[in-house]
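First the structure, in the form of structure tokens, and then the observations on it.
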Amino acid sequence: MAAGSAIQIPSRLPLLLTQEGVLLPGSTMRTSVDSPRNMQLVRSRLLKGTSLRSTIIGVIPNTSDPTSDCDDLPSLHRIGTAALAVQVVGSNWPKPHYTLLVTGLCRFQILQLLKEKPYPVAEVEQLDRLEQFTNQHKSEEELGELSEQFYKYAVQLVEMLDMSVPAVAKLRRLLDNLPREALPDILTSIIRTSNQEKLQILDAVSLEERFKMTIPLLVRQIEGLKLLQKTRKPKQDDDKRVVAIRPNRRINHIPSTTEDEEEEEDHDDVVMLEKKIRTSSMSEQALKVCLKEIKRLKKMPQSMPEYALTRNYLELMVELPWNKSTKDRLEIRAARILLDNDHYAMEKLKKRVLEYLAVRQLKNNLKGPILCFVGPPGVGKTSVGRSIAKTLGREFHRIALGGVCDQSDIRGHRRTYVGSMPGRIINGLKTVGVNNPVFLLDEVDKLGKSLQGDPAAALLEVLDPEQNHSFTDHYLNVAFDLSQVLFIATANTTATIPPALLDRMEIIQVPGYTQEEKIEIAHRHLIPKQLEQHGLTPQQIQIPQVTTLDIITRYTREAGVRSLDRKLGAICRAVAVKVAEGQHKETKPDRAEVGEGEDCKEHVTEDAKTESISDTADLALPPEMPILIDFHALKDILGPPMYEMEVSERLSQPGVAIGLAWTPLGGEIMFVEASRMDGEGQLTLTGQLGDVMKESAHLAISWLRSNAKRYQLTNASGSFDLLDNTDIHLHFPAGAVTKDGPSAGVTIVTCLASLFSGRLVCSDVAMTGEITLRGLVLPVGGIKDKVLAAHRAGLKRVIIPQRNEKDLEEIAVNVRQDLTFVLASCLDEVLNAAFDGGFAVKPRIERLNSKL
Ligand code: ADP
Numbered sequence: 001m002a003a004g005s006a007i008q009i010p011s012r013l014p015l016l017l018t019q020e021g022v023l024l025p026g027s028t029m030r031t032s033v034d035s036p037r038n039m040q041l042v043r044s045r046l047l048k049g050t051s052l053r054s055t056i057i058g059v060i061p062n063t064s065d066p067t068s069d070c071d072d073l074p075s076l077h078r079i080g081t082a083a084l085a086v087q088v089v090g091s092n093w094p095k096p097h098y099t100l101l102v103t104g105l106c107r108f109q110i111l112q113l114l115k116e117k118p119y120p121v122a123e124v125e126q127l128d129r130l131e132q133f134t135n136q137h138k139s140e141e142e143l144g145e146l147s148e149q150f151y152k153y154a155v156q157l158v159e160m161l162d163m164s165v166p167a168v169a170k171l172r173r174l175l176d177n178l179p180r181e182a183l184p185d186i187l188t189s190i191i192r193t194s195n196q197e198k199l200q201i202l203d204a205v206s207l208e209e210r211f212k213m214t215i216p217l218l219v220r221q222i223e224g225l226k227l228l229q230k231t232r233k234p235k236q237d238d239d240k241r242v243v244a245i246r247p248n249r250r251i252n253h254i255p256s257t258t259e260d261e262e263e264e265e266d267h268d269d270v271v272m273l274e275k276k277i278r279t280s281s282m283s284e285q286a287l288k289v290c291l292k293e294i295k296r297l298k299k300m301p302q303s304m305p306e307y308a309l310t311r312n313y314l315e316l317m318v319e320l321p322w323n324k325s326t327k328d329r330l331e332i333r334a335a336r337i338l339l340d341n342d343h344y345a346m347e348k349l350k351k352r353v354l355e356y357l358a359v360r361q362l363k364n365n366l367k368g369p370i371l372c373f374v375g376p377p378g379v380g381k382t383s384v385g386r387s388i389a390k391t392l393g394r395e396f397h398r399i400a401l402g403g404v405c406d407q408s409d410i411r412g413h414r415r416t417y418v419g420s421m422p423g424r425i426i427n428g429l430k431t432v433g434v435n436n437p438v439f440l441l442d443e444v445d446k447l448g449k450s451l452q453g454d455p456a457a458a459l460l461e462v463l464d465p466e467q468n469h470s471f472t473d474h475y476l477n478v479a480f481d482l483s484q485v486l487f488i489a490t491a492n493t494t495a496t497i498p499p500a501l502l503d504r505m506e507i508i509q510v511p512g513y514t515q516e517e518k519i520e521i522a523h524r525h526l527i528p529k530q531l532e533q534h535g536l537t538p539q540q541i542q543i544p545q546v547t548t549l550d551i552i553t554r555y556t557r558e559a560g561v562r563s564l565d566r567k568l569g570a571i572c573r574a575v576a577v578k579v580a581e582g583q584h585k586e587t588k589p590d591r592a593e594v595g596e597g598e599d600c601k602e603h604v605t606e607d608a609k610t611e612s613i614s615d616t617a618d619l620a621l622p623p624e625m626p627i628l629i630d631f632h633a634l635k636d637i638l639g640p641p642m643y644e645m646e647v648s649e650r651l652s653q654p655g656v657a658i659g660l661a662w663t664p665l666g667g668e669i670m671f672v673e674a675s676r677m678d679g680e681g682q683l684t685l686t687g688q689l690g691d692v693m694k695e696s697a698h699l700a701i702s703w704l705r706s707n708a709k710r711y712q713l714t715n716a717s718g719s720f721d722l723l724d725n726t727d728i729h730l731h732f733p734a735g736a737v738t739k740d741g742p743s744a745g746v747t748i749v750t751c752l753a754s755l756f757s758g759r760l761v762c763s764d765v766a767m768t769g770e771i772t773l774r775g776l777v778l779p780v781g782g783i784k785d786k787v788l789a790a791h792r793a794g795l796k797r798v799i800i801p802q803r804n805e806k807d808l809e810e811i812a813v814n815v816r817q818d819l820t821f822v823l824a825s826c827l828d829e830v831l832n833a834a835f836d837g838g839f840a841v842k843p844r845i846e847r848l849n850s851k852l
């Protein structure tokens, strides 16, 4: 490399202190970075820098004791090498560190240290460039003679090596092509030299001195080589095998440094790489590009920044499964059994999945829609995806998209960037090693957007069957056929999925589970899985269904089964300790304490009555086994219950009603509270409400004011003008959670009607519905999840809009049987159903006296 002749390094350089190794201009070194100062430098200069200039750093060999206190900056070696950071690789194991690949450009000397923290920065003077100019006055002859002598030794050394090895041939060519003044540095870094010797060469600022110091090193190497060739010769026969495998390699190589070894290995690798490229089954276009790149690679000196990039690229191209696929073994009957075995309930989802698979079986190359499972967390979306892969006999790969906001995450970085890499799709293909895996795009609703482009737009290309046979990752820069990949997406809500993406997918709603379904899932799947994971057997631990129900109602409040699974895990852990210790407490005496046993039975539904604790008395088993998990054991392990049935307590005053809300995590019951006080007719709303919900509150008040006489509603002073001298405060608890949507309308009306009439709302009724100013009840969404939430909370009656009647069909029969549904089309019907004995209405004519 022309030593600084064309490169003007910045006058201020951040300094990297290397612990081992000395970097010389023209050579490349890999160095590990883990000291706080160096890490800071890498983070703020190399990883954040955007220009080529920002990747130039000063590399200073650390000559002081590396173990000395790292808080103070050690005294710096005065001369260093300006270097280009070619590659940065980060790792967290065994501790956070970076590995840098740096190429030396030219010498510099430190003029002044400008700052020490967070990493040292110094004002520097470029030395090699100065050298060229200042040396011009030197007697050309003297230096010419010296450089000629050096050149002769260098040629002699190289010619002792095996010229058939391309790296040696290249080195030979370099000797002629490189400027002479660059040779001492380059050769010193190639031949066997100690760090001390390298340091001396680095310090030899004058070219003459450098030549003089390097010649003895060359001579030493030549002598060593001669000696070795002599001793090797008689042994050659014995060594035939080795020689045959790696012709001449050993002989050429004897006095080499590890860097030399690496270099030669690199060369072998390049040859291997070319062979792999030629024998791989990549597309014609890809092959063409690869062959071109390998041609460039062969000509490139390894010290060039591009060398490592190109090699990484070629290695990836070879590894990609261009033509490698697993054979589909799809049999619908087996698929049905497998899906049924792996998952309880979720009939609708399983049915749709089977249809999808059946069509695939009939028509091999299906360009069908992408399935997108939408539902609360923990309802088995991912695990169904995994089952689909299993039924098809395909590889499974999950790509988490939550928080991805850079389109290069999907489509890769262009190769011109330092640290560029392919996107997640190509990376996934490399990981699974076949071109027809099942890719689960997890959480597509949580894709972000940023200045780096819209990842959803990049996903469009991936998911579109018309386009994805020629998906072009920016890093690969050649098309890769994704049409064999089976994409499945999951999301918690469709609201935040970009419309264009939504359009490419078929949405399959996966609702939450009922308590009975959860109990079944727990006993058929979760408990056996947890037992296995904890090395327990059913003979050691017994969890009756009542206990499971207790965990579901008192320790979890969720639509899916993830917390339930975790709680079961906690129980298994606790039991594992007891079993391992071999001295567990017997649970039997606890069962005798009838008082609390009853408490536990209170929550047992009819279906769960089967195995009560006392029924499962372990008659035939040894007295201490199995450990029975009853309510007391549960309390011991999981602590006091986290959720209590609070419904009836909270409804013990007028001005409280229960609404039903839908959230991406499933349905929930929501209390609405109202109170009134003297004031000037103001309405205060709290609980982080969105605009739509605030409007619902205003609508509700207006409707009640206009109908106050009809219902005999009065304010504190007996006036039908409800806001006369009165302020109203409406609060929606769980104030930290933002709420919005029109479906709380009927609940607000009921709550206020209760407040002004002084009557209690029935404690077992929940409601949802949008209202109009004229008192109509309009349909709302999420009925299924909302009804399940009401069922979970133990409520008995649910008021829903008349036009939502069709949604009830989707709800499991046992849930429907437990609940009474009131289908309301106007607010009169809602109020009549919400209060015991109905809500009195005066004859309709009175309505004309409305204040509105
Ligand atoms: P999601 O992707 O919907 O958030 P997961 O697929 O991760 O949920 O499911 C969480 C856990 O619950 C998994 O261990 C899964 O096996 C289990 N699970 C969920 N639903 C069922 C079901 N219907 N039958 C059996 N196991 C289930």
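Residue numbering for the sequence shown follows UniProt numbering, starting at 1 and increasing by one per position. Even for Gly, the Cβ is constructed at its ideal location relative to N, Cα and C.
Which listed residue (the options) has its alpha carbon closest to that of residue i
| i | options | result |
| --- | --- | --- |
| residue 505 | 484, 531 and 462 | 462 |
| residue 403 | 421, 497 and 327 | 497 |
| residue 98 | 422, 59 and 43 | 43 |
| residue 444 | 698, 159 and 455 | 455 |
| residue 318 | 670, 430, 566 and 629 | 430 |
| residue 35 | 24, 9, 27 and 74 | 74 |
| residue 730 | 289, 672, 739 and 783 | 672 |
| residue 280 | 309, 320 and 481 | 320 |
| residue 109 | 93, 85 and 81 | 81 |
| residue 494 | 210, 561 and 447 | 447 |
| residue 438 | 397, 423 and 758 | 397 |
| residue 380 | 202, 490 and 775 | 490 |
| residue 745 | 696, 709 and 219 | 696 |
| residue 9 | 700, 23, 32 and 58 | 58 |
| residue 423 | 199, 679, 432 and 407 | 407 |
| residue 216 | 274, 226 and 153 | 153 |
| residue 51 | 467, 86, 23 and 32 | 86 |
| residue 806 | 821, 351 and 814 | 821 |
| residue 416 | 347, 312 and 355 | 312 |
| residue 465 | 449, 689 and 370 | 370 |
Cβ pair residue i, residue j closer than 7 angstroms
| i | j | result |
| --- | --- | --- |
| residue 527 | residue 575 | no |
| residue 521 | residue 373 | no |
| residue 769 | residue 777 | yes |
| residue 854 | residue 308 | Because the chain is modelled from 1 through 852, residue 854 falls outside the range shown and cannot be assessed. |
| residue 854 | residue 171 | Outside the shown range of the chain (1 to 852) lies residue 854, about which nothing can therefore be said. |
| residue 434 | residue 324 | yes |
| residue 787 | residue 748 | no |
| residue 634 | residue 681 | no |
| residue 169 | residue 160 | no |
| residue 291 | residue 120 | no |
| residue 391 | residue 349 | no |
| residue 799 | residue 833 | yes |
Presumed contact (8 angstroms Cβ cut-off) between residue i and residue j, rounded CB distance
| i | j | result |
| --- | --- | --- |
| residue 517 | residue 345 | 5 angstroms |
| residue 515 | residue 547 | With a Cβ gap of about 13 angstroms, residue 515 and residue 547 do not count as contacting. |
| residue 797 | residue 764 | 6 angstroms |
| residue 188 | residue 101 | In fact, because the Cβ distance is near 19 angstroms, the residues do not count as touching under 8 angstroms. |
| residue 60 | residue 76 | 6 angstroms |
| residue 376 | residue 512 | 5 angstroms |
| residue 676 | residue 728 | 5 angstroms |
Distance cut-off 6 angstroms: residue i Cβ against heavy atoms of the ligand GTP
| i | result |
| --- | --- |
| residue 345 | For the ligand GTP, the structure offers nothing, since it holds only the ligand ADP. |
Test: residue i CB closer than 7 angstroms to a CB of chain E
| i | result |
| --- | --- |
| residue 683 | The structure shown contains no chain E; it holds only a single protein chain. |
Touching by the beta-carbon criterion (3+ pairs, under 8 angstroms), the segment 144-153 and the segment 104-120: no
Three-pair Cβ contact test at 8 angstroms for the segment 411-425 versus the segment 473-480: yes
Stretch pair the segment 201-220 + the segment 174-190: three plus CB contacts closer than 8 angstroms: yes
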